[in-house]
Amino acid sequence: MNRKLYSHISFALAWLLCVGLLASVPPAHAQSVADYANSTAHLTIGSGTATTLYAGTFGAVAPTDLAATTDAMVRDSAGNLYFANTYEIDMYYTADISGAVPPLLQFAAQNASTPFTPVKGNVYAIAGNGNNAGLSCGGGACGDGSFAVNATLGYIGSLLFDSTGSLLMADESSYAVRKIDRSTGFITTIAGDPNHTISAASANGTTAANSTFVSPSSLALSNGVLYVADGGANLVRAIGTDGTTTTIAGDITQPGTFCSDTTCGEGGPATSAVLGGVYSIALDSAGNLYLSELQTNVVRKVGSDGSIHTVAGVIGSSCGGSNCGDNGPATSALLFSPIGISVDANDNLIITDQADNAIRAVRHSDQMIFTIAGSITASPSATQAQEAALDGSPASSLMLTNPSFAFIDSTGGLNVADTSLIWKVDGPAQKLAQTIEFQALPTVTYGTAPITLMAQSIGPDSNPTSLTITYAVSPANLASISGSKLTITGAGNITITASQPGDTTYMAATPVTQTLSVQKAPLTVAADNLFFTYNSSSTLPQLTYHLGGLVLGETAATAVTGQPVLTTSATPKSASGTYPITTALGTLASVNYALTPQNGVLTITGGVAQTISFSALPDVTYGVSAITLGASSSSGLAVSYTVSGPATILGSRLVVNGVGAVSVTAAQGGDENFGAATPVTQIFTVKPAILSIKANDATRAYGATNPAFSYTATGFVNGDGPSVLSGAPAFLPPAASSAPGQYPLGLDPSGGTLFASNYTFNFLPGTLTITKAAQTITFPQVADTPYGNSVIPWKATASSSLAVAIAATGPITYDQIEFSPIPPDHSAVIGTVTVTAIQPGNDLYAAAPPVTQTFQTTRAQLQVNANNMTRAFGAANPNFTYYFAGSTSAVIAANTYSGMPQLTTTADSSSPPGDYPIVVTQGTFSSPVWTLQPINGTLTILPAASFTLSATPSALTVPIGQSASVKITLTPLNDFAGSVTVGCGALPAGVTCTMNPQSLTPVADANGSGPGPATGVLTIVAAGTQASLQHGPEEVLAGALLFPAATGGLLLVFARRRFAHRGAGRMILFGAVLLLPLSSLIACGGNGKNSQSGSQPGTSMIQVTGSGVAPDGTTVMNQLNLTITLQ
-6 MNRKLYSHIS
4 FALAWLLCVG
14 LLASVPPAHA
24 QSVADYANST
34 AHLTIGSGTA
44 TTLYAGTFGA
54 VAPTDLAATT
64 DAMVRDSAGN
74 LYFANTYEID
84 MYYTADISGA
94 VPPLLQFAAQ
104 NASTPFTPVK
114 GNVYAIAGNG
124 NNAGLSCGGG
134 ACGDGSFAVN
144 ATLGYIGSLL
154 FDSTGSLLMA
164 DESSYAVRKI
174 DRSTGFITTI
184 AGDPNHTISA
194 ASANGTTAAN
204 STFVSPSSLA
214 LSNGVLYVAD
224 GGANLVRAIG
234 TDGTTTTIAG
244 DITQPGTFCS
254 DTTCGEGGPA
264 TSAVLGGVYS
274 IALDSAGNLY
284 LSELQTNVVR
294 KVGSDGSIHT
304 VAGVIGSSCG
314 GSNCGDNGPA
324 TSALLFSPIG
334 ISVDANDNLI
344 ITDQADNAIR
354 AVRHSDQMIF
364 TIAGSITASP
374 SATQAQEAAL
384 DGSPASSLML
394 TNPSFAFIDS
404 TGGLNVADTS
414 LIWKVDGPAQ
424 KLAQTIEFQA
434 LPTVTYGTAP
444 ITLMAQSIGP
454 DSNPTSLTIT
464 YAVSPANLAS
474 ISGSKLTITG
484 AGNITITASQ
494 PGDTTYMAAT
504 PVTQTLSVQK
514 APLTVAADNL
524 FFTYNSSSTL
534 PQLTYHLGGL
544 VLGETAATAV
554 TGQPVLTTSA
564 TPKSASGTYP
574 ITTALGTLAS
584 VNYALTPQNG
594 VLTITGGVAQ
604 TISFSALPDV
614 TYGVSAITLG
624 ASSSSGLAVS
634 YTVSGPATIL
644 GSRLVVNGVG
654 AVSVTAAQGG
664 DENFGAATPV
674 TQIFTVKPAI
684 LSIKANDATR
694 AYGATNPAFS
704 YTATGFVNGD
714 GPSVLSGAPA
724 FLPPAASSAP
734 GQYPLGLDPS
744 GGTLFASNYT
754 FNFLPGTLTI
764 TKAAQTITFP
774 QVADTPYGNS
784 VIPWKATASS
794 SLAVAIAATG
804 PITYDQIEFS
814 PIPPDHSAVI
824 GTVTVTAIQP
834 GNDLYAAAPP
844 VTQTFQTTRA
854 QLQVNANNMT
864 RAFGAANPNF
874 TYYFAGSTSA
884 VIAANTYSGM
894 PQLTTTADSS
904 SPPGDYPIVV
914 TQGTFSSPVW
924 TLQPINGTLT
934 ILPAASFTLS
944 ATPSALTVPI
954 GQSASVKITL
964 TPLNDFAGSV
974 TVGCGALPAG
984 VTCTMNPQSL
994 TPVADANGSG
1004 PGPATGVLTI
1014 VAAGTQASLQ
1024 HGPEEVLAGA
1034 LLFPAATGGL
1044 LLVFARRRFA
1054 HRGAGRMILF
1064 GAVLLLPLSS
1074 LIACGGNGKN
1084 SQSGSQPGTS
1094 MIQVTGSGVA
1104 PDGTTVMNQL
1114 NLTITLQ
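Quick note on numbering: the sequence shown equals residues -6 to 1120 in our numbering.
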C-alpha cells in the first residue's frame, strides 16, 4: 500500500496511509456498538486473489476482480459505495437514484475517453485519468473546470458529500480540497492552491480561494462550515460560511511542529496545543470535533469551549498487540496509529487502530472501548486470500492487515477498508433491554465479615433474567471483590458498580452504582495498670499501653501509627496509694479505627505485703447474668475492680454488655498498715449468643413466582429484639419448575446480609408447599347448527394447554375433535345437544371446573327449483320438472324426505306469447329434516314460428337479352326450422326467374344455439328481340363487296408506312379508309325488313314468394317485392 510519509514525523510510520474520510454517518441500528463484533462480515470489494488495480483501465470491473488500495470511502443516499483507489475515485454501482443512473456516474459514462453504459453490480472510475506524475497531479489546473473522469488526481485521503450531493475530496498530494459538481460533473478546486504546487499553511483570515495547505488529509462538514485536517501542517482548519479560513486545533504559529512530551496541551485551548500528528477528523451531533493523532496514539476532542481533551488512548503510549484496554474506559486503553476515525448517529466513535490491525469503538453512553472488527495483533499473519475466505464470518474473526478507514452507513452496516479488500458488517440485531436492580447497602463497621452482593438483572417483563452480574469496587484499597463476595479492607466510602455486559439476547445494562459507608471500628488505647514499691527506685516504671478491639487479625504495627502520651502525677516518693495514668492520643492515629483513650492506674505500695487471690474467669455467652467477682486480699482489705472490653463493673458484679475479650483487674491499694497488693488480671471471652433464624413456611401454586419469603428470629437476650438485626438472609427455594409437593425452604449460611453485633445464627429451614396450579376451560358458545352442516371442530381449550375431553348427548355424531349433525343413516337429527368440556388435571394442574354448552340442531333449508321451460304459441304445456339445491353440503338422501312438490302455471294453450311463472308449492313433499324453500321458474311462450325474406340488392337492372341475379336471404323467426320453397309471382312478358337452390332451410348459427339465416340466388332472365331479314339485290351486292373491302382495308393498314411517303399515296389511303366502312354499312344494313318479339324495356315490381311448413304443421308463407328495370 502506498503511503505519504510525513517528513516532520521522526519515526516515519509505515502505516500512515493517506486516509480519513468523515462520512456524514447515518443512523446506526445497533443496540450497542460493541455488538458489531458478533455480526456477519461480507466481502464487498476484492477477492484476495484479484489483480486488477484500477477500474479506469478497463471501464467496468466486477467487484471481485478489483484489488483496490483505498483510504477514503463514502456511500450516497441510495447506498452506492464511492472509494478513493490511489489516484482515481471508483464507484461500486448497486442502486439507482429516483430510477436514474446516479449523476456522477452518468457524467463519467458519457465523457470518459471510452464512453460506457453503466450496469449495476460493476465498479467504475468516476474521477481521475491515471495520468498523475508521482504522488501529485503534476501542477497546473490538473483537469479543473472539466469533467472529473478526465482530470488528474493526487493521493485522495478523504471523501464526503455536501448538502447538494456534490462530492468533496481531500487531495493530499495536490495540496487542495476539490469538488465534483453533481449538476455538471465538472471538478474544481474550492480551497488550496488552484495550481496545485504550493504546499504551505496559509494564515488565519485567508479566503478559501487564496488559502493553501501542506497536505489536507481529512474533511468534515457541518452547517456550511468545512473542516480540513492539514496533516502536513499538524493543524485543523475551518472554512466558515463567510469563506475565510481559521484554525480550530494546533498552533498556527508553528505549523509542522509535533508534540514531543506527554501533555501536548491537554486540557487547554486547542489552538495553543501542539498536536501529535493529526490525520483524521470527525464531528458528533453536538458539534464536538474529534481528531486522531498518529504520533501520540490518541484520539482527542475539541469541545464547544475550545478546550482539547483525550477521549481514547494514552498520550505517548502504544499498544502493540494485547488486550489494549478493551471493555474498559477508553481513556485508559492503548491505541497504535489510529489512522481513521468516524462518528455514527448515536455519537459512538469508530477508530481504525491501524498498527493494532483492529477496528475499535468508544461507546458514547459510558465511554467504554471495544474491538468491533478484527482482533488486536501487532503481527498479522493472514494472506489476503486467507482473509477473504472469512467472508460470512463474524466481524471479530476477520484477520485485518493495516486497515485504513471504517464508518457506519445508513443501513447500520459497518464498512471497513483493509489493504486490497473492502468489507461490510451487518448491523447488529435488536436485543432485549435489561436493567440492574441493586438495593442500597447499609452502613457497616470495619471488620465486618464479607458481604454477599445481591444485584440482579431484570428483563423487560420485569422478571429476573439468568444473566450474571459483575461488580467493580473503588477505591481498591478499601475493598476487594470475588464474584459477588465483597471483602472490606478499609474504612471509608466504597463505590460498588454492578454491571451486566449483555449477551446474544440482551443489551448491556446501564451500570448501577451504590455507595457503602464503612465506619471505623472502635479501638481503645488503654494505659497498662502498673505497681511500684514506695521509694524502691529513683524512677517510676515506664508507662505502657495496649490496644483493645483489633479486628481481622491485625496488630498494632498494622493498625496504628505514632504514639500516645502517657502521664501520671505520682513520683517515686509518693505515699502509698493509687494514682491515675492519664492517656492522651498524642501522635497515635489510624485509618480504619476510631481511637478512644482509656486511663490506667499506678499503685504505689509500702508497709506489709499483701496478695490478691482472683480465680480465673470462664468464657461466657452474651446474655449471661451479672457475674459476681470473688477476688480477695490476704490483708482482708476490700478489693476494687477495673474492667476493659464489653462489660461494666457494678461494685463486685460484672455486667456483660457485648461480645469480645473482657479484662478484669483486681487491685488492693493498701493502707497505713499494708502496702499495695500486686493487681491480678483475669481475661475471658464473651461469645456471641445464638439466634435461631427459621424460614417461615410458604405456599405457592405450580408455575407461579415465589412469594416474598420471611423468617422468624428467636433467642434474643438482654432485652434485645429484632431491631438489632440488619440485612436479610439468603433463601434457598426449590427450582421454579418444581412439581407440586412440599420442599425444604432453606437459608444459605454463607449468603445474605443478615447481621447482628452480638449474635451468631443457626439457620433452620422452613417448608415451601407447591400446590397444583388452577386451570380454567374456555368453551365458546356453540351456535345452533342446521342439519347437513359439515364437521365442526370443538373450540374448548384449557388455560393449562392440557387436552380437553368432550362428552355430548343429543342428535349428533362426534369425537374429541369435531362433531357433525349428519348421522350415517341420515335420520332425523333435530333436537337439543348438551356438550360438556372436561379437563381432569394432572400432576401439575388441578381439575378445571367443567363447562357445559347447549345448542339446537335445526332443519336445513332445501331449495326446490322449478326448471325454466319454453313452448310455442298454441302448443300444450310441457311436463314441468324441478331439482333440489340444499343450503348445506349434506347429501340430499332419499330417506330424508317423501312425496314431491307440486308445480303449476296459469298459462294454457290459448295464452298469448310471454313469460308465465311456474309456481312451486308443498304438494305431497314431507321431511323431518328439511324445510322446503320454493324457487319458482318461468314458462316462456314463444310467438308462432315464421320467417322473413330479403333481397340484396333490393332493385335490379336486367339488359334485354341477358340475365341478372340477387341474393335472397331467409331469416327464421321463433325457431322456424322448416324448408321454404322460393319462387316468383307474375312476371313481365319475356321475363323468367330461377331460384338456386329451389328451397332454403335455416341452419344452426356459428354458436350452434339455434336455426340461423339461409341464402340462395334468384336469377332474372329478359328474353331478346327475334328479327327475320328480307334482302334485295343491293344487299346481296353489298354483301359480296364486304369481304374484298375488308381485305383491302387490312392491306392498306399494313402498307401505310410506304404510302405515307408519297402525297398521292396518302390521298388513296385516306379514300380507301372512308369507303370501307361505307361499304360495310351498306352490306349490313341495307334495306332489310324485320319483325320483333320478347321483353320490352321498362320498370316493374315483381313478387318473390316463399312457402314452408312450421314445426306445428301449419303452412307459413311470406313474400318480398323486387323492382326490376329492363333496358
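Where is the CB? At the ideal position from N, CA and C, for every residue including glycine. Fair warning: this is a prediction, and the values are worked out from it, not measured in the lab.
### 6 Å CB neighbourhood of S273 in its chain, flanking five on each side removed
On the sequence shown, residue 273 is found 280 positions in, with the first residue counted as 1. The answer, listed in chain order, is G13, S211, S285, G333 and I334.
#### Entry: Cβ contact check for the region 850 to 865 and the region 928 to 937: 3 or more pairs under 8 Å
By the Cβ rule, the region 850 to 865 counts as touching the region 928 to 937, because three or more pairs are nearer than 8 Å.
#### Entry: Between the CA atoms of L545 and S583 - distance to the nearest angstrom
Taking the sequence shown and counting its residues from 1, the one referred to as residue 583 is at position 590. Taking the sequence shown and counting its residues from 1, the one referred to as residue 545 is at position 552. S583 and L545: Cα-Cα distance of roughly 15 Å.
### Query
For A776, which residues from the same chain have a beta carbon less than 7 Å from its beta carbon, with the 5 sequence-adjacent residues on both sides left out?
Here the question's residue 776 lines up with position 783 in the sequence shown. So the qualifying residues of the chain are F848.
### N1140: first and last residue of the uninterrupted alpha helix (DSSP H) it sits in
This structure leaves residue 1140 out entirely; the chain is present only between -6 and 1120.
### Task
Measure the C-alpha to C-alpha separation of A226 and S192 and round it to an integer number of angstroms.
Taking the first residue of the sequence shown as 1, we reach residue 226 at position 233. Taking the first residue of the sequence shown as 1, we reach residue 192 at position 199. Here the alpha carbons of S192 and A226 stand approximately 9 Å from one another.
### Message
Going by beta-carbon coordinates alone, are P733 and K765 separated by less than 8 Å?
### Response
Taking the sequence shown and counting its residues from 1, the one referred to as residue 733 is at position 740. Taking the sequence shown and counting its residues from 1, the one referred to as residue 765 is at position 772. Yes; because the gap between Cβ atoms is below 8 Å, this pair is in contact.
### Task
Please report the Cβ distance between A88 and A60, rounded to the nearest whole angstrom; I am assuming they are in contact, meaning their Cβ atoms lie under 8 Å.
In the sequence shown, residue 88 corresponds to position 95, counting from 1. In the sequence shown, residue 60 corresponds to position 67, counting from 1. Not really, about 24 Å apart at Cβ, beyond 8 Å.
### Query
Counting pairs of beta carbons, one from the region 564 to 577 and one from the region 487 to 499, are three or more of them closer than 8 Å?
No contact exists between the region 564 to 577 and the region 487 to 499.
#### Entry: Y168 versus G138, V221 and V142, residue with shortest Cα-Cα distance
For the purposes of this step, residue 168 is taken as the residue at position 175 of the sequence shown. The shortest C-alpha separation from Y168 is found at V221.
#### Entry: Contact under 8 Å by Cβ, I481 with L523
The count along the sequence shown starts at 1 and reaches residue 481 at position 488. The count along the sequence shown starts at 1 and reaches residue 523 at position 530. Going by C-beta atoms, I481 is not nearer than 8 Å to L523.
### Environment of D359 [buried if 16+ CB atoms lie within 10 Å]
Position 366 of the sequence shown, counting from 1, holds the residue named residue 359. Classification of D359: exposed, given that the 10 Å Cβ count is below 16.
### Task
Can you tell me which of S25, S637, A982 and S608 puts its alpha carbon nearest to the alpha carbon of N320?
Counting from 1 along the sequence shown, the entry for residue 320 is found at position 327. Checked all of S25, S637, A982 and S608; the closest Cα to N320 is S25.
### Task
Indicate, with yes or no, if the ligand HEM has a heavy atom lying under 7 Å from the CB of A55.
Inclusion of the ligand HEM in the displayed structure is not the case, the ligand content being empty and no account of it being possible.
### Task
Ignore the nearest five residues each way along the sequence and tell me which others in L434's own chain have a CB closer than 6 Å to its CB.
Counting from 1 along the sequence shown, the entry for residue 434 is found at position 441. If we look at L434 and ignore the five residues flanking it on each side, its Cβ neighbours are Q507 and L509.
### Task
Could you give the DSSP three-state label for T829: helix, strand or coil?
As a first step, residue 829 is located in the sequence shown; it is residue number 836 there, counting from the start. Shown here, T829 sits in a strand according to DSSP, grouped into three states.
### Residue from A465, D664, G541 and S947 whose Cα sits closest to the Cα of T571
As a position in the sequence shown, residue 571 is number 578, starting the count at 1. Comparing C-alpha distances from T571 to each of A465, D664, G541 and S947 shows the shortest one belongs to D664.
### Query
By Cβ distance below 6 Å, which residues in the same chain neighbour T635 in space, the five residues on each side in sequence not counted?
Counting from 1 along the sequence shown, the entry for residue 635 is found at position 642. Once the five neighbours on either side are set aside, the close Cβ partners of T635 are T658.
### Query
So which of G92, T182 and P590 has the shortest CA-CA distance to I173?
Counted from its first residue, the sequence shown places residue 173 at position 180. Relative to I173, the option among G92, T182 and P590 whose CA is nearest is T182.
### Task
Look up S685 in the DSSP assignment and say whether it is helix, strand or coil.
Sequence index remark: in the sequence shown, residue 685 carries index 692 (1-based). Correct three-state label for S685: strand.
### Query
Is the CB-CB distance between V826 and A801 below 8 Å?
Stepping through the sequence shown from its first residue, residue 826 is reached at position 833. Stepping through the sequence shown from its first residue, residue 801 is reached at position 808. Contact flag set, yes.
### Task
Can you tell me the Cβ-Cβ gap for N290 and L328, rounded? I've got them flagged as a contact below 8 Å.
Here the question's residue 290 lines up with position 297 in the sequence shown. Here the question's residue 328 lines up with position 335 in the sequence shown. Your pair N290 and L328 checks out as a contact, with CB atoms roughly 5 Å apart and the cut at 8 Å.
### Query
Which term fits T376, buried or exposed, when burial requires 16 or more other beta carbons within 10 angstroms of its beta carbon?
By one-based count along the sequence shown, residue 376 stands at place 383. Per the 10 Å Cβ criterion, exposed.
### Query
By how many angstroms is the C-alpha of A134 removed from the C-alpha of L98?
Numbered from its first residue, the sequence shown carries residue 98 at position 105. Numbered from its first residue, the sequence shown carries residue 134 at position 141. Going by the C-alpha atoms only, they are around 22 Å apart.
### Query
So P1006 packs on L942, CB below 8 Å; how close in whole Å?
Along the sequence shown, one-based indexing puts residue 1006 at 1013. Along the sequence shown, one-based indexing puts residue 942 at 949. Taking the Cβ atoms as the reference, P1006 lies roughly 10 Å from L942, outside the contact range of under 8 Å.
### Message
Can you tell me whether S40 is helix, strand or coil according to DSSP?
### Response
Mapped onto the sequence shown, residue 40 falls at position 47. DSSP places S40 in coil when its eight states are reduced to three.
### Message
Quick check on the DSSP output: the alpha helix (DSSP H) that includes Q1112 runs from which residue to which?
### Response
The sequence position of residue 1112 within the sequence shown is 1119, counting from 1. Not the alpha helix (DSSP H): Q1112 falls in the beta strand (DSSP E), residues T1108 to L1119.
### Query
Assuming F940 contacts G1099 under a Cβ cut-off of 8 Å, what Cβ separation, rounded to an integer in Å, is found between them?
By one-based count along the sequence shown, residue 940 stands at place 947. By one-based count along the sequence shown, residue 1099 stands at place 1106. With 8 Å as the limit, F940 and G1099 qualify as a contact, their Cβ atoms being about 7 Å apart.
### Task
Can you give me the start and stop residues for the alpha helix (DSSP H) that A102 sits inside?
Along the sequence shown, one-based indexing puts residue 102 at 109. P96 to N104 is the extent of the alpha helix (DSSP H) around A102.
### Message
Only counting the same chain, and skipping five residues up and downstream in sequence, which positions put a Cβ closer than 6 Å to that of V912?
### Response
Counted from its first residue, the sequence shown places residue 912 at position 919. Result list for V912: T897 and N929, in chain order.
### Query
Ends of the alpha helix (DSSP H) at S379?
On the sequence shown, position 386 is the one that residue 379 refers to. As written in the sequence, residue 379 is Gln, which differs from the Ser given in the question. Per DSSP, Q379 belongs to the alpha helix (DSSP H) from Q377 to A381.
### Beta-carbon spacing of A382, V418 below 8 Å
Locating residue 382 in the sequence shown gives position 389, counting from the first residue. Locating residue 418 in the sequence shown gives position 425, counting from the first residue. Contact flag unset, no.
### Message
Taking 8 Å as the cut-off, does the region 259 to 279 touch the region 226 to 239 (at least 3 CB pairs, one atom from each stretch)?
### Response
Touching, per the Cβ criterion.
### Range covered by the beta strand (DSSP E) that runs through A550
Residue mapping note: residue 550 aligns to position 557 of the sequence shown, counting from 1. Here A550 belongs to no beta strand (DSSP E); instead the alpha helix (DSSP H) covers A549 to A552.
#### Entry: Beta-carbon proximity check, A723 vs G708, cutoff 8 Å
Translated into the one-based positions of the sequence shown, residue 723 becomes position 730. Translated into the one-based positions of the sequence shown, residue 708 becomes position 715. Going by C-beta atoms, A723 is not nearer than 8 Å to G708.
### Message
Determine, for T987, whether the minimum Cβ-Cβ distance to residues of chain C falls below 8 Å.
### Response
Checking the listed chains, one finds no chain C in this structure; it contains a single protein chain.
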